[in-house]
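The next block holds one structure in the form of structure tokens; read it before the comments.
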Amino acid sequence: MNRAKHIAIIMDGNGRWAELQGKKRIKGHEKGAQVVKSITTFCSENPEIERLTLYAFSTENWKRPRLEVEFLMKLLEKHLTNELNSYIVNNVRFEPIGDLREFSKSLQKTIQNVKEKTAHCDGLVQSLALNYGSQNEILRAVNNLKNQDDDITQVMLSNALDCKHSVDLLIRTGGDHRLSNFLLWQAAYAELFFCDTLWPDFTTEELEKIIKKFTKIERRFGGLK
Ligand code: FPP
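Just so you know, we're using my numbering here: the sequence shown kicks off at 16 and counts up by one.
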């Protein structure tokens, strides 16, 4: 049976969830942050799951209206500050991925603080993808490697990425069927699950069902059974 050691999620649908209820889009992000908490706790209680990587802010999300971007930054800072204790209690190590240099100094400090204070945790690794884009990640890795004499190998490139771990199960909520520049290298052999549920409505029960289906898939990695 397959093990979903590394689960990655594109958390889509916050805005539509809010609009459907006649609320402002930011209310969807607020509810979405609560779902981040419940899904992380669920994964931390399941020893089969080693990594959970969540797409929280893409390199393209800066194009959103200024107020929405500002709200997302504040929400992230609040979430990381308030949840630090839960990370530690649940033995979750926080390892952000993405180009963090674009964020405010204060947010960078908060991110670094959670990373340092959870560095000793040896349970689930939760990665938030922050100012993350797969193409940007690969470009940064190649630029870091380019000044050496040897040809770049697959292992070298993989180790130079922010996320060095292949994805087993990639889920996208919100009804769209695309990868939106998320973990393109790492998801080379991931099983892809697309569900219509909007992220604020996504539950641990739905995740459990997806994991159950995943365990029964025959994964061949390009070979034969
Ligand atoms: C997509 O919804 C979601 C995002 C832009 C980022 C995800 C953000 C959260 C889950 C909340 C904050 C997270 C943390 C960790 C505090 P959308 O706005 O694209 O929805 P839409 O497709 O319905 O417009």
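Even glycine gets a Cβ: it sits at the ideal position worked out from N, Cα and C.
* Asked: What runs of the beta strand (DSSP E), each 3 residues or longer, lie entirely inside the region 91-167?
  -> As far as the region 91-167 is concerned, its whole beta strand (DSSP E) runs of at least 3 residues are 140-147.
* **Neighbour-count burial assignment, R187, 16 or more Cβ in a 10 Å radius** => To locate residue 187, count along the sequence shown from 1; it is residue 172. Classification for R187: buried.
* On the three-state DSSP scale, how would you describe H21? -> For this step, residue 21 is matched to residue 6 along the sequence shown. Here H21 sits in strand by DSSP.
* Hey, how far is the Cα of K39 from the Cα of K124? -> Reading the sequence shown from its first residue, position 24 is the one you call residue 39. Reading the sequence shown from its first residue, position 109 is the one you call residue 124. Their backbone Cα atoms lie some 29 Å apart in a straight line.
* Whose CA, out of C58, T74, S73, lies closest to the CA of L67? -> Here residue 67 refers to the residue found at position 52 of the sequence shown. Nearest C-alpha to L67 among C58, T74, S73: C58.
* Cβ pair L115, I103 closer than 9 Å -> Within the sequence shown, numbered from 1, the residue matching residue 115 stands at position 100. Within the sequence shown, numbered from 1, the residue matching residue 103 stands at position 88. Not in contact: L115 and I103 (Cβ atoms no closer than 9 Å).
* Helix or strand or just coil, what does DSSP make of A33? -> Reading the sequence shown from its first residue, position 18 is the one you call residue 33. When DSSP states are grouped into helix, strand and coil, A33 belongs to the helix group.
* Continuous beta strand (DSSP E) stretch holding R40: start and end -> For this step, residue 40 is matched to residue 25 along the sequence shown. No beta strand (DSSP E) contains R40, which is instead part of the alpha helix (DSSP H) from 40-59.
* **Same chain, Cβ closer than 7 Å to V129, neighbours up to 5 away in sequence not counted** => The count along the sequence shown starts at 1 and reaches residue 129 at position 114. Answer for V129: L95, L99, Y102, F109, listed in chain order.
* Asked: Is the Cβ-Cβ distance between L176 and Q150 less than 9 Å?
  -> Translated into the one-based positions of the sequence shown, residue 176 becomes position 161. Translated into the one-based positions of the sequence shown, residue 150 becomes position 135. Judged by beta-carbon spacing, Q150 lies beyond the 9 Å limit of L176, meaning their Cβ atoms are not closer than that value.
* Asked: Thinking C-alpha only, which one of S142, E233, L82 is nearest I54?
  -> Against the sequence shown, residue 54 aligns to sequence position 39. Of the candidates S142, E233, L82, the one whose C-alpha sits nearest the C-alpha of I54 is S142.
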